[in-house]
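For the sequence shown, this note's numbering assigns the number 34 to the initial residue and increments by one for each residue that follows.
This report refers to the structure that appears directly beneath it.
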Amino acid sequence: MSASRVIAADRQTLFDIVADPAMHPVIDGSGSVGASREGAPERLELGARFGMDMQLGTGYRIENRVVEFEEGRRIAWRHFHGHRWRYEFEDVDGGTRVTETFDWSRAKSKLAIELARFPKRNLRGMRATLARLEQLATTGELPDDTP
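Laid out in structure tokens, this is it:
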């Protein structure tokens, strides 16, 4: 499941925001990302591990590992269930096309993900995340509801 948006900002600026785990709660449009956990790196790179406080009905913690990384172009992380969150950045007329993907093809429990309707729910969150990323990158201001 993917969502894309052309944002009038350069690719590296957008990538740098996503590669900073402290910015994940700021740009999150799903309402489920609470805060980066202590010990998270300031900037993600291939193999980096980082934890997040999450909220989906109830609070929980999740540990992620960066499994795809191409500076300025692509970054993806996964947690123990195996599904991935991927961001791709492509130069286009008018700025950068940012594509966020929820890839559950390697998940340990694909059927559970589908039965819980996470792909459709995540699509709404991804679209909102890209809008928040655009606001931050183009205005320098945080979205109004940022904690």
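Built from N, CA and C at the ideal position, the CB exists for glycine as well.
- For residue 139, no beta strand (DSSP E) run applies, since DSSP gives it neither H nor E.
- Assignment of residue 34 by DSSP, reduced to helix, strand and coil, places it in the coil class.
- Assigned with DSSP and collapsed to three states, residue 174 falls in coil, not helix or strand.
- Secondary-structure assignment with DSSP links residue 132 through a beta bridge to 37, 121.
- For residue 109, the secondary structure class from DSSP, reduced to helix, strand or coil, is strand.
- Excluding sequence positions up to five before and after residue 111, its CB lies within less than 7 Å of the CB of 97, 98, 100, 117, all in the same chain and listed in chain order.
- Burial state of residue 52 is buried, judged by a 10 Å Cβ sphere holding 16 or more other Cβ atoms.
- Shown here, residue 167 sits in a helix according to DSSP, grouped into three states.
- Beta-bridge pairing by DSSP links residue 102 to 108.
- A straight-line Cα-Cα distance of about 30 Å links residue 82 and residue 41.
- Secondary structure note for residue 58: its alpha helix (DSSP H) is the uninterrupted segment 57 to 60.
- Of 77, 35, 45, the smallest CA-CA separation from residue 124 is found for 45.
- Just so you know, the alpha carbons of residue 35 and residue 60 end up roughly 16 Å apart.
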